[in-house]
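According to the working numbering, the sequence shown holds residues 549 to 767 in order.
Glycine included, every Cβ here is placed at the ideal spot set by N, Cα and C.
Accompanying notes for the structure given below.
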Amino acid sequence: MAQSNPDYVGESVIGGKQAFRLYDTYGFPLELTEELAAESGLTVDKVGFEQAFAEHKEKSRVLAAGQFKGGLESHSVMATRYHTATHLLNAALKVVCSPDIQQKGSNINEERLRFDFNFSRKLTDEEVKEVERLVNEQIEKNVPVVMKEMSLEDAREQNFVGVFSEKYGEKVKTYSVGEFSKEICGGPHVESTGELGTFKISKQENVSAGIKRIKAILK
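Right, here's the structure in full:
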């Protein structure tokens, strides 16, 4: 029996991933799963469970650091929409506040986006409304989101925005929303902005000196 494989399931064995799913989703401790399994003449792949648990912990660590695919916590439809909305927010902030604004971090899940950027103060109520207006204007236009692969040099020459402290390969993926938003990004994104709904800034926060945070939702 390949007990080191968390995907393993035998006729008399509950696989480690299955046991971990019971624990992660429903709160079943391993001991309880083993006890119930024994009543039916089954065993549980404990090594596989521990592997699945370790993989989950590592994934959680990476997510907490905001390092998973541009800050995404998943690649669900809603998280993908929020990812695209983040690009529109970044572009709108450059128009309303300063062309020197750069992304300093992001975290995106299925319920909201969080975007960190360099700026000396919180946005005024008028600036918040203008950012929202610009983003929603692009959504209402239902602009196609176009992906192209090109060299990093070409992307820079065509004014695509990137986090240039990161290491890029010879070829990069670029995503553009007309001329409004042009970014180097690994994706994923919606096919057109009309999929996003209505954009609303829900909160502003101070992160550190010179770094602000915006949280926003899509309705």
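Can you tell me whether VAL683 is helix, strand or coil according to DSSP?
Helix at VAL683.
On the criterion of 16 or more Cβ atoms from any shown chain inside 10 Å, does LEU641 qualify as buried, or is it exposed?
When all chains shown are included, LEU641 counts as buried.
Taking DSSP as the reference, what is the three-state secondary structure of GLY653?
Three-state result, GLY653: strand.
If I follow the unbroken alpha helix (DSSP H) through VAL643, where does it start and stop?
It spans 625-644 - the alpha helix (DSSP H) in which VAL643 sits, taken as one unbroken run.
Report the rounded CA-to-CA distance for GLU727 versus GLN706, giving the unit in angstroms.
Their backbone Cα atoms lie some 11 angstroms apart in a straight line.
Go ahead and pull the three-state DSSP assignment for ASP702.
Three-state result, ASP702: helix.
Quick check on TYR723: does DSSP put it in helix, strand or coil?
Note: TYR723 maps to strand in three-state DSSP.
Let me know if LEU580 comes out buried or exposed under the rule of 16 or more other beta-carbons within 10 Å of its beta-carbon.
Exposed.
If you draw a straight line from the alpha carbon of ASP572 to that of GLU658, how long is it in whole angstroms?
Taking the straight line joining both Cα atoms gives about 19 angstroms.
Exposed or buried, ASP664, counting other C-beta atoms within 10 Å across all chains shown (16 or more means buried)?
By the 10 Å Cβ count, ASP664 comes out buried.
Here's a check: name, in chain order, each residue in its chain whose Cβ is nearer than 6 angstroms to the Cβ of LEU636, leaving out the five neighbours to either side.
Contacts found: VAL683, GLN686, SER729.
What number of angstroms, rounded off, separates the C-alpha of GLU678 from the C-alpha of CYS645?
Taking the straight line joining both Cα atoms gives about 10 angstroms.
What residues match up with ASN782 in a beta bridge as DSSP calls it?
As displayed, the chain neither begins before 549 nor continues past 767, which places residue 782 out of reach and without an answer.
Can you tell me whether DSSP reads LYS594 as helix, strand or coil?
Helix.
Does DSSP put ALA612 in a helix, in a strand, or in coil?
Legend: pLDDT at ALA612 = 43, less than 50; position of this residue unreliable, value from coordinates given subsequently. Helix.
Indicate the three-state DSSP secondary structure (helix, strand or coil) for LEU578 in the structure shown.
In the structure shown, LEU578 sits in a helix (DSSP, three-state: H, G or I).
Along the chain, where does the beta strand (DSSP E) containing LYS730 start, and where does it finish?
Its beta strand (DSSP E) spans residues 729-732.
Which whole-angstrom value is the C-beta distance of LEU766 and ARG629, which I expect to be below 8 angstroms?
Yes, they are in contact, since the Cβ atoms of LEU766 and ARG629 sit about 6 angstroms apart, within 8 angstroms.
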